[in-house]
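A short write-up of the structure that comes next.
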Amino acid sequence: MSIFYLDRSEIFMQNSNNCIFFTFKWNNLTFLLMKRFFNLIFSVFGVCYFSWAQTTPKDSLLRLFKDTKAPDSVRFDSGTRYMGQLLGKDLDSARGTGIQLLDFAQNVDNKKWEATSYRLIGNTYAIQGNFEKAQEFFFNSHEILLELNDKEGLAVTFNNIGTVFYELGNYVQAQVNLLESLRLAEELQDDVAASRALNNLGNIHSDLENNEKALGYYGRSLELKEKLGHRNRLPAGYNNIGLIYIQMKKHDLAIENLTKSATIAKEIGDLQSMTRAQSNLGIEYSNNGELDKALDYFNESIGIKQDINDLDGLASAYVYRGQNYLAMKRFDLARSDCLESLELSNASGALNTQSLACDCLGNALEGLGNHREALQYFRRFESLKDSLFDKEKTQEMTRIEMNYQFEKKQLADSIAFHKLQTEQKVAFERDLNKEQNKFFITLMISLAALLFMLFLYWKYTQNLKVKNLENKLLNSEIEYKKKDLTNFAVNISNNQEWAESLAQRLEILKASTGRKRLKELENLETDIKNKIWVNKSSDEFYKKIDALSSSFYDRLTKEFKDLTKTDIRLCSLIKLNLNTKQIAALQNINPSSVKMSRNRLRKKLNLSPEDDLNAFLRTF
């Protein structure tokens, strides 16, 4: 049984904000299978319908719209206000009003009103999750606004089209259109349109797990909404920020922001935003292991969504509750909810929700022991996941973002391209498969190169370890030989002293007679046999010290060219820490001569009276 950790956001203000659904999943066999948003990031941009609704009764607006004696502008304005009051409550009636507005605009030959009507009708389809139909109406509105060069209107339609592309899984074109919407909004100093575009860009970066960048976009969007006093849009902003904190594993901040979203939505009567915040709270409590508490939130959210006919929200809520049932090991209920979610998302064309539903169904059927049917859903899940996370999309989106930030050039219009792309779908898929094959080949070559470089680095480190070990052994051997030479020098010095004492004993022997003289001769003979001649030991000592100090000699002669062989040997004896008496014994001279030699040596080495000769030679 897989363990699910879900975050999901539904940010959908009726006429102004977007909807984000994102879910990421971990299981106990793989690392992070997916993390996706599944939400309508849609804005019904233009007029603030909530404020209108508070100032003019709905029936009065309808009468004004139908009054043929009223001025055309009053009639159209009343009709759009009336439609705004229906959005989120009765979408079928709202769409019917939109069609009447379109007929009216065409009859009076007002292109700007016609574009607005197309956009409002598209909003009704988008709210219901029918994104392909919504895209058709948004394109119609967009083409009219291009002809009119209406930048204010284009800022809205670029945003609407971008949100539809987002819901259909095309992140590249979603960002193209949203960045263009933001550019126009900044140019016009339109804070309302800018706040929507920033919010939707945050959704995309949240999908791509760029949490810090997404939080930045959401924060800027929320600041603009608070500055404008658009309280009806605050639930969306707090909800999005709460979802980012869920991804960042900051539980307390996530609950705080999601609770703010639900509370404000309830106060202003925005049932869609309230249910979406409830679903998100359910998801976070489910993440935290509080499954029963999470289930209460899901049940309440689904009940209200059914009442207001929020089909897109239902598709998402069902799959979330299904995943919660999976964690509770209630596999029959999980299968039922996830099947409902799949049917609704198939109708709307939302690939993200379809992917989640297939994965949920696979796990539910596996829990019920129906492994064959579970495998079919898992295969479909993998296919959907691959199409949603194409690497080339991420790379191209990064390029687009950089172009916007540093140059702020007008991005190419992609509307006509995507109409043509629909006709060329088969050819496009074939080319895409070729590109995927190239990518995998490149990936394998890159991995092989990386492994080879790692092998070379490992081999280098091994050789370095061997060299270090050899140096340690060599230094140990040199140190041992130095100690041996020092001991050798001391022995020679001791032999010299013994020779001097021998001379004294011979003097005593000359004065002895009889048995005492014989005894002294025997003792002397024994001592002499046990000793080594000083000259022979000295020769052997100097051979050893010359061999060991060859590099030291080279450095001395290179630096101080006036040094004689005797001077160089004296340097070696001093470096061995031999005292004046020991050096005198080795060189078969008296100690005063050694002192004179040291003074001459200091001058040749250019040392001042304050300099320490021994320290200088040890560090040379």
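In case it helps, the UniProt record's numbering puts the sequence shown at residues 1 to 620.
Using N, Cα and C, we set each Cβ at its ideal position, and we do this for glycine too.
Taking C-alpha atoms, which residue in Tyr218, Ala194, Arg196 and Ser195 lies nearest to His205?
-> Tyr218
Go ahead and label Thr163 buried or exposed: buried means 16 or more other beta carbons lie within 10 angstroms of its beta carbon, across all protein chains shown.
-> buried
Comparing alpha-carbon positions, which option in Ile304, Gly303, Lys305 and Ser279 lies nearest Lys293?
-> Closest option to Lys293, Cα to Cα, is Ser279.
Report the rounded CA-to-CA distance for Glu340 versus Ala347, giving the unit in angstroms.
-> Approximately 11 Å between the Cα atoms of the pair.
Could you check the C-alpha separation between Leu586 and Trp458 for me, to the nearest Å?
-> 52 Å
CA-CA distance, Lys575 and Ser549?
-> 10 Å
How big is the Cα-Cα spacing for Glu343 and Ser355?
-> C-alpha separation (whole angstroms): 12 Å.
Straight-line Cα distance separating Asn606 from Asp612 | 12 Å
In chain order, what residues of the same chain have a beta carbon less than 7 Å from the beta carbon of Ser608, not counting five sequence neighbours either side?
-> none
Using beta-carbon positions only, say whether Gln376 and Gly313 come within less than 8 Å of one another.
-> no
So what does DSSP say about Leu334, is it helix, strand or coil?
-> Going by the sequence as given, residue 334 is Ala instead of Leu. Ala334: helix per DSSP, three-state reduction.
Classify His230 as helix, strand or coil using the three-state DSSP reduction.
-> Secondary structure at His230: coil, using DSSP grouped into helix, strand and coil.
Anticipated Cβ contact below 8 Å, Ser261 with Tyr238, distance rounded = With a Cβ gap of about 4 Å, Ser261 and Tyr238 count as contacting.
Between which two residues does the alpha helix (DSSP H) carrying Ala262 extend?
-> His251 to Ile268
Close-in-space but distant-in-sequence residues of the same chain around Asn160 (CB under 6 Å, 5 per side omitted) = Phe138
Is there contact between the segment 357-377 and the segment 143-150, where contact requires at least three CB pairs shorter than 8 Å?
-> no
Report whether the distance from the Cβ of Ala317 to the nearest heavy atom of the ligand FAD is below 7 Å.
-> The model depicted lacks the ligand FAD and carries no ligand whatsoever.
Alpha-carbon spacing of Lys329 relative to Asn287, whole angstroms | 15 Å
Hey, could you find the ends of the alpha helix (DSSP H) Leu291 is sitting in?
-> For Leu291, the uninterrupted alpha helix (DSSP H) segment begins and ends at Leu291 to Ile308.
Mind checking whether Ala327 and Leu291 have CB atoms under 8 Å apart?
-> Leu291 is positioned such that its CB atom lies closer than 8 Å to that of Ala327.
Expected contact under 8 Å - CB spacing of Leu120 and Gly98 to nearest Å | So it is a contact: roughly 5 Å between Cβ atoms.
Quick one: give me the first and last residue of the alpha helix (DSSP H) that Tyr566 is part of.
-> Note that residue 566 is Thr in the sequence shown, not Tyr. Thr566 -> alpha helix (DSSP H) spans Lys565 to Lys575.
Leu456 versus Asn468: straight-line alpha-carbon distance, rounded = About 18 Å.
Just curious, the alpha helix (DSSP H) that Pro591 is in, first and last residue?
-> Pro591 to Lys604
Alpha-carbon to alpha-carbon, Gln306 and Asn299 | 11 Å
Can you give me the start and stop residues for the alpha helix (DSSP H) that Met248 sits inside?
-> No alpha helix (DSSP H) contains Met248, which DSSP labels as neither H nor E.
Between the Cα of Asp77 and the Cα atoms of Trp113, Asn240, Ala236 and Leu295, which residue gives the shortest distance?
-> Of the candidates Trp113, Asn240, Ala236 and Leu295, Trp113 places its Cα closest to the Cα of Asp77.
For Met328, which of helix, strand or coil comes out of DSSP?
-> coil
Report the three-state DSSP secondary structure of Leu464 (helix, strand or coil).
-> helix
Other residues of its chain near Thr557: CB distance less than 8 Å, five sequence neighbours each side excluded = Leu563 and Ile568
For Gly122, the first and last residue of its enclosing alpha helix (DSSP H) | Lys111 to Ile127
Run the CB neighbour count on Phe406, radius 10 Å, all protein chains shown included, and call it buried at 16 or more, exposed below.
-> Because Phe406 carries a pLDDT of 39, less than 50, the predicted location of this residue cannot be relied on, and the following value inherits that uncertainty. It counts as exposed.
Of the listed residues Lys544, Arg505 and Tyr542, nearest to Glu525 (C-alpha basis) = Arg505
Residue range of the unbroken alpha helix (DSSP H) whose run includes Asn352 = Leu351 to Gly367
If you measure from the beta carbon of Leu605 to each beta carbon in chain B, is any gap under 8 Å?
-> Absence of chain B from the displayed structure is noted, only one protein chain being present.
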